[in-house]
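Report on the structure given below.
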Amino acid sequence: MPNPVLSSAFPAPMQGEPYLLTPGPLTTSADVKQAMLRDWGSWDGDFRAMTAELRARLLDLLGPVKDSFDCVPIQGSGSYVVEAMLGSFVPWDGKLLVLSNGAYGKRAAETMRCIGRAVTVIDKGDYLPPRGIEVTRALEADPDITHVLAIHCETSSGILNPVQEIADATYAAGRKLLIDSMSAFGAVELDPQKTRFEAVVSSANKCIEGVPGFGFVLARKTALEAAKGNSHSLSLDLHAQWAAMEKTGQWRFTPPTHVVAAFIEALKAHAAEGGVAGRGARYRRNRDTLVAGMRALGFETLLRDDWLSPIIVTFFCPAHPAFEFPRFYNLMKQRGFIIYPGKLTEADSFRIGCIGHLDHHVMTRVVQAAGDCLRDMGVDTAKPLGDVLDQRMAPDTV
Ligand SMILES: *Cc1c(COP(=O)(O)O)cnc(C)c1O
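Residue numbering for the sequence shown follows the working numbering, starting at 12 and increasing by one per position.
As structure tokens, this is what we get:
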């Protein structure tokens with residue numbers, strides 16, 4: 012079923028294509044898709060200029076830090092660039108403290124075990140934020156820890172973790188911070204002049220609204236220089252990729268040329284929208300429209316308002332006996348919206364992403380569709396089980 016055109020700035024995806032209310036891959040613009048219709052030679056000057064533009068534009072998103080930071084893109088999905096960051100920046104005799112409150116924290120810890128480097132974890136479960144005071148205590152207790160990894164937005168619950176207090180605690184203890192900002196970079200401010208860190212990673216198919224195929228690290232040049240010879244991997248060696256790019260302007264191995272072309276288009280649109288502030292404002296409006304509308308139907312969010320990210324929102328499944336998530340999913344899809352299953356271990360839930368090439372007019376229709384789907388299923392209220400709500404602790408407790 013084709014989506015009608017909703018507003019001139021954010022026309023519906025191509026005929027019959029549903030909106031992806033998922034945190035990447037996500038709905039991209041026609042211009043981004045169009046940019047993939049041409050073939051590029053990876054060694055050619057035109058493509059090398061595109062690589063240089065991509066690196067410069069990404070660096071600009073961090074502010075005036077060209078002298079101290081550099082950008083290194085690397086082939087693969089987001090997890091590849093997380094592995095590249097950990098294997099390149101945590102030395103063999105170092106130790107990483109992972110601040111985990113969901114699937115991506117867990118994956119990072121697993122990556123460290125897999126590549127044979129020391130790791131310890133503060134595990135806050137499904138949705139509680141790791142706090143600065145906990146980092147301070149953990150670093151005091153274990154002098155072997157050299158680096159801390161924070162997940163900026165933990166996409167499995169949608170929580171926006173407090174990176175400022177984490178950075179302050181990390182550097183007060185003389186350690187170094189790495190950030191997985193996969194799903195937040197480009198829409199949530201991260202200013203290295205305020206929030207200190209060594210490196211941050213993200214990927215092409217999240218808030219910049221490109222298509223999947225590569226990730227990138229924005230790192231201090233001192234960290235990149237120190238990474239020489241440190242990687243466990245030939246292809247995920249950030250220093251080697253950086254050195255080759257600096258020398259030849261090329262990616263070390265075959266780059267995803269069409270994805271890069273699409274990403275440059277996406278970066279131009281990001282700038283035209285007002286950069287990080289403009290993108291963040293649209294996503295926050297998407298979230299606010301979604302949350303208010305869903306609450307009016309009786310749905311409850313997992314997180315209290317002050318921890319809700321503008322990226323993705325987790326809702327509890329309704330307690331009504333006629334509600335079945337697979338059916339709800341299919342009915343939403345028939346109305347042109349792909350939503351996302353939940354990832355909580357304790358309670359039944361689902362997620363709706365706020366990112367991608369869509370605005371609050373689309374979100375209004377998402378809420379209408381959710382109401383229609385409930386009616387189709389014979390669910391007269393979306394209220395979740397009371398005890399699920401009781402379990403939802405005040406997330407500012409340590
Ligand atoms: C998307 C994402 C990743 C990477 O996932 P891939 O599936 O490998 O792209 C890592 N961390 C976070 C927080 C993410 O949202």
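The beta-carbon is built from N, C-alpha and C at its ideal position, and this holds for glycine as well.
Cα-Cα separation between residue i and residue j, rounded to whole angstroms
| i | j | result |
| --- | --- | --- |
| F208 | N172 | 15 Å |
| K187 | G105 | 11 Å |
| R298 | T259 | 43 Å |
| D57 | I366 | 31 Å |
| L32 | Y294 | 12 Å |
| G27 | K344 | 11 Å |
| L65 | T147 | 37 Å |
| A120 | A255 | 29 Å |
| G240 | S246 | 12 Å |
| Q204 | V76 | 8 Å |
| A333 | V378 | 19 Å |
| E99 | K117 | At residue 99 the sequence reads Ser, which differs from the Glu that was named. Their Cα atoms are separated by approximately 19 Å. |
| T356 | Y340 | 19 Å |
| R306 | A381 | 11 Å |
| L17 | R376 | Its pLDDT being 47, under 50, L17 is placed unreliably by the model, and the measurement read from it follows with that caveat. If you take the alpha carbons of L17 and R376, they lie about 9 Å apart. |
| V132 | F196 | 23 Å |
| G304 | M374 | 9 Å |
| E335 | E165 | 26 Å |
| A149 | D134 | 12 Å |
Cβ neighbours of residue i in the same chain (closer than 8 Å, five flanking residues each side left out)
| i | result |
| --- | --- |
| P329 | G309, F310, L385, V390, T392, A393, K394 and P395 |
| L400 | E311 and F327 |
| A288 | E200 |
| A63 | G260 |
| M12 | Only weak support is given to the placement of M12: the predicted model assigns it a pLDDT of 41, under 50, and the question is left unresolved by the model. |
| I275 | A46, M61, E64, L65 and R68 |
| G143 | P173, E176, I177, D179 and A180 |
Residue i CB to nearest heavy atom of ligand 1 below 8 Å
| i | result |
| --- | --- |
| D81 | no |
| C164 | yes |
| P266 | no |
| R118 | yes |
| G286 | no |
| P34 | yes |
| G89 | yes |
| K135 | no |
| Y115 | yes |
| K354 | no |
| P321 | no |
| N112 | no |
| P140 | no |
| V270 | no |
| G367 | no |
Distance CB(residue i)-CB(residue j) smaller than 9 Å
| i | j | result |
| --- | --- | --- |
| V271 | M61 | yes |
| I162 | N112 | yes |
| S214 | G89 | yes |
| V30 | F348 | The sequence shown places Tyr at residue 30, not Val. Against a cut-off of 9 Å, the Cβ pair of F348 and Y30 comes out as a contact. |
| P34 | V199 | no |
| F21 | H368 | yes |
| V93 | M193 | yes |
| L249 | A95 | yes |
| D370 | R296 | yes |
Closest residue to residue i among the options (Cα-Cα distance)
| i | options | result |
| --- | --- | --- |
| A129 | K117, I156 and P140 | I156 |
| I219 | G136, G353, R376 and A277 | A277 |
| R362 | V324, F274, F336 and V302 | V324 |
| A180 | E151, C164 and L69 | E151 |
| P36 | G224, A380, L249 and I133 | G224 |
| D78 | R338, L229, A251 and P337 | L229 |
| L452 | I126, R124, L160 and L70 | Lying outside 12 to 409, the shown extent of the chain, residue 452 is not represented and no answer is given. |
| K44 | A280, P154 and T233 | A280 |
| I126 | P102, E257, G136 and R315 | P102 |
7 Å Cβ shell around residue i - same chain, five flanking residues per side excluded
| i | result |
| --- | --- |
| V206 | Looking at the sequence provided, one finds Thr at residue 206 rather than Val. Answer for T206: V174, Q175 and A178, listed in chain order. |
| H269 | M47 |
| G397 | none |
| P140 | N112, I170, N172, P173, W318 and P406 |
| V267 | Looking at the sequence itself, residue 267 is Pro, so the reference to Val does not match. Only Q86, G224 and F225 meet the Cβ criterion. |
| S167 | G113, A114, Y115 and K354 |
Own chain, CB closer than 6 Å to residue i, minus 5 neighbours either side, in chain order
| i | result |
| --- | --- |
| W253 | V83 and L235 |
| P15 | Residue placement at P15 cannot be trusted, given a pLDDT of 46 that sits under 50; what the coordinates show is reported in the next sentence. The answer is none, since no qualifying residue turns up. |
| P24 | T38 |
Closer than 9 Å to chain C by CB, residue i
| i | result |
| --- | --- |
| H281 | In the displayed structure, chain C is absent; only one protein chain is listed. |
Any non-hydrogen atom of ligand 3 within 8 Å of residue i CB
| i | result |
| --- | --- |
| S244 | Ligand 3 is not among the ligands present in this structure, which contains only ligand 1. |
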